[in-house]
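Undergrad: So that you can map any letter, position 280 of the sequence shown is 279 in numbering that gives the first Met the number 0, and since no number is skipped, the others follow by simple counting.
Sharing a structure with you now.
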Amino acid sequence: MTATAIRPGRVENDGEVKPQRTKPVLTRRERKGLRLARALVWPALAAAIIITQIPFLVTIYYSFQQWNLLRPGDQKFVWFDNYVTVLTNGAFVSSLWATVVIVGASVLISLVFGMVLALLLDRKFMGQGLARTLLITPFLMMPAAASLIWKWSMLDSNVGMVNWALGLIGIDPVAWNTDVPILTIIMVLTWQYTPFMMLILLAGLQSQPSDVLEAASVDGAGPIRTFFSMTLPHMRQYMELSILLGTILLLQVFDPIAIMTRGTGGTKTLSYLLYERAFVGLEIGEAAAYGVLTVLLTIIVAMVALRSLFKIFKTEGTR
């Protein structure tokens, strides 16, 4: 067992002597186990640094250069000129606004649908396991495959199933990808990320003490009052976590925009703008500056998400 060293105590105002504890004294076996645990972490940490940090440092290096692939011999350092260009040409602000609108709407709608599905699944019924599996399936699909399915099978103006259903009630076909591109992208992202929200919220519902719900039922509280007075306050932290993690994932979304709208109609998000500058405009330095700013924005959101995640773990651990 781990021994704890106790130093001579200090005298409090009431005259009581309270001992002061120092760091625990580890045994030889515990120190050996701690060294082994640290040694096992090092390969994963080294791989993470190689895969993530080194490419990011190279991106920062490129962001300080003027480099167009059409003029490979005209590569030179311009320091912060690319960042000035990015922040003053208007494309960054418009893409940032498109990102906020698409990501914000998709996250909020997915949260509402995820809560409804979580409430339905948080009860026993025949085929519960099958229902959960089917509802999780959209999140497991490749984004490119999901985008192609929605573009041609669901939303095509001629043969799409959505327009076929609208025709049954007398509504004219809609060219979704060109007439309402933002709504189209939000629909696809909501369909794909609602299962992600549902899983987190379902975990929160199942962590709610059953005896509290039974006491509320005995006291005469109906399901609606129980939900708004007890379940919803309990789910607040899980909803915050769903929003923050969903935002991090959706900030990186590229496939639906590239396949369905190609950035038209106000759907040019930061990720698509970065692709456009690098592979259409061939401006590597400017694209790298866009990438650095996008990563910084994602890091800010990730820091908030991690703080909320640790807060949830701390709260659950004290119960």
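Glycine included, each C-beta is placed from N, C-alpha and C at the ideal position.
Can you name, in chain order, every residue of its own chain whose Cβ lies under 8 angstroms from the Cβ of Leu204, other than the five neighbours on each side?
TA: For this step, residue 204 is matched to residue 205 along the sequence shown. So the list reads Ala117, Leu118, Asp121, Thr230, Met234, once near-sequence residues are dropped.
Undergrad: Taking the C-alpha atoms as reference points, what is the distance between Val279 and Met302?
TA: Along the sequence shown, one-based indexing puts residue 279 at 280. Along the sequence shown, one-based indexing puts residue 302 at 303. Using only the alpha carbons, I get a separation of about 32 angstroms.
Undergrad: For Phe138, which residues in the same chain have their Cβ closer than 7 angstroms to its Cβ, ignoring the five residues on either side in sequence?
TA: Here residue 138 refers to the residue found at position 139 when the sequence shown is read from its first residue. Excluding positions up to five away in sequence, the list reads Gln191, Tyr192, Pro194, Phe195.
Undergrad: Would you tell me roughly how many angstroms separate the C-alpha atoms of Pro71 and Ala90, rounded to the nearest one?
TA: As a working note, residue 71 is residue 72 in the sequence shown. As a working note, residue 90 is residue 91 in the sequence shown. Cα-Cα distance, rounded: 25 angstroms.
Undergrad: In terms of residues, what are the limits of the alpha helix (DSSP H) holding Leu319?
TA: The chain is shown only over 0 to 318; residue 319 falls outside these bounds and no answer can be derived.
Undergrad: Could you pull the start and end residues of the alpha helix (DSSP H) that Asn176 belongs to?
TA: Indexing the sequence shown from 1 puts residue 176 at position 177. For Asn176, the enclosing alpha helix (DSSP H) stretches over residues 175–178.
Undergrad: How would you label Ile48, buried or exposed, when you count the other beta carbons within 10 angstroms and need 16 or more for buried?
TA: Indexing the sequence shown from 1 puts residue 48 at position 49. Looking at its Cβ environment, which holds fewer than 16 other Cβ atoms inside 10 Å, Ile48 is exposed.
Undergrad: Whose CA, out of Leu281, Asn67, Leu295, Val211, lies closest to the CA of Leu269?
TA: Translated into the one-based positions of the sequence shown, residue 269 becomes position 270. Leu269 has its Cα closest to that of Leu295, out of Leu281, Asn67, Leu295, Val211.
Undergrad: Taking only runs of the alpha helix (DSSP H) that begin and end inside the region 84–158, which ones reach a length of at least 4 residues, in chain order?
TA: Those alpha helix (DSSP H) runs which fall completely within the region 84–158 and span 4+ residues are 90–120, 127–139, 142–147.
Undergrad: Do the region 161–179 and the region 65–85 meet, that is, are 3 or more Cβ pairs less than 8 angstroms apart?
TA: no
Undergrad: Could you spell out the range, first to last residue, of the alpha helix (DSSP H) harbouring Pro172?
TA: By one-based count along the sequence shown, residue 172 stands at place 173. Here Pro172 belongs to no alpha helix (DSSP H), and DSSP marks it neither H nor E.
Undergrad: If distances are taken between C-alpha atoms only, which option among Phe226, Lys267, Met197 comes closest to Pro180?
TA: For the purposes of this step, residue 180 is identified with residue 181 of the sequence shown, where counting begins at 1. Selected option, being the one with the closest Cα: Lys267.
Undergrad: Give the straight-line distance between the Cα atoms of Asp210 and Pro222, rounded to the nearest whole angstrom.
TA: For the purposes of this step, residue 210 is taken as the residue at position 211 of the sequence shown. For the purposes of this step, residue 222 is taken as the residue at position 223 of the sequence shown. Looking at the two C-alpha atoms, the distance is approximately 15 angstroms.
Undergrad: Taking all protein chains shown into account, do 16 or more other C-beta atoms lie within 10 angstroms of the C-beta of Ile299, making it buried, or fewer, making it exposed?
TA: Taking the sequence shown and counting its residues from 1, the one referred to as residue 299 is at position 300. Classification of Ile299: exposed, given that the 10 Å Cβ count is below 16.
Undergrad: Report the rounded CA-to-CA distance for Met319 versus Asp171, giving the unit in angstroms.
TA: This structure leaves residue 319 out entirely; the chain is present only between 0 and 318.
Undergrad: Measuring alpha carbon to alpha carbon, tell me which residue in Thr51, Gln65, Ala104, Leu212 is nearest Leu250.
TA: The sequence position of residue 250 within the sequence shown is 251, counting from 1. Comparing Cα-Cα distances from Leu250 to each of Thr51, Gln65, Ala104, Leu212, the minimum goes to Ala104.
Undergrad: Are the Cβ atoms of Ala257 and Leu273 separated by less than 8 angstroms?
TA: Residue 257 sits at position 258 when you count from the first residue of the sequence shown. Residue 273 sits at position 274 when you count from the first residue of the sequence shown. No, the pair does not count as a contact, with Cβ atoms beyond the cut-off.
Undergrad: Assuming Thr189 contacts Ser241 under a Cβ cut-off of 8 angstroms, what Cβ separation, rounded to an integer in Å, is found between them?
TA: The sequence position of residue 189 within the sequence shown is 190, counting from 1. The sequence position of residue 241 within the sequence shown is 242, counting from 1. Rounded, the Cβ-Cβ distance is 13 angstroms, inconsistent with contact.
Undergrad: Using a threshold of 8 angstroms, state whether the C-beta atoms of Pro232 and Ser146 are closer than that.
TA: By one-based count along the sequence shown, residue 232 stands at place 233. By one-based count along the sequence shown, residue 146 stands at place 147. No, the Cβ-Cβ distance between Pro232 and Ser146 is not below 8 angstroms.
Undergrad: So, using beta-carbon positions, are Gly290 and Ala97 closer together than 8 angstroms?
TA: As a first step, residue 290 must be located in the sequence shown, where it is residue number 291. As a first step, residue 97 must be located in the sequence shown, where it is residue number 98. Going by C-beta atoms, Gly290 is not nearer than 8 angstroms to Ala97.
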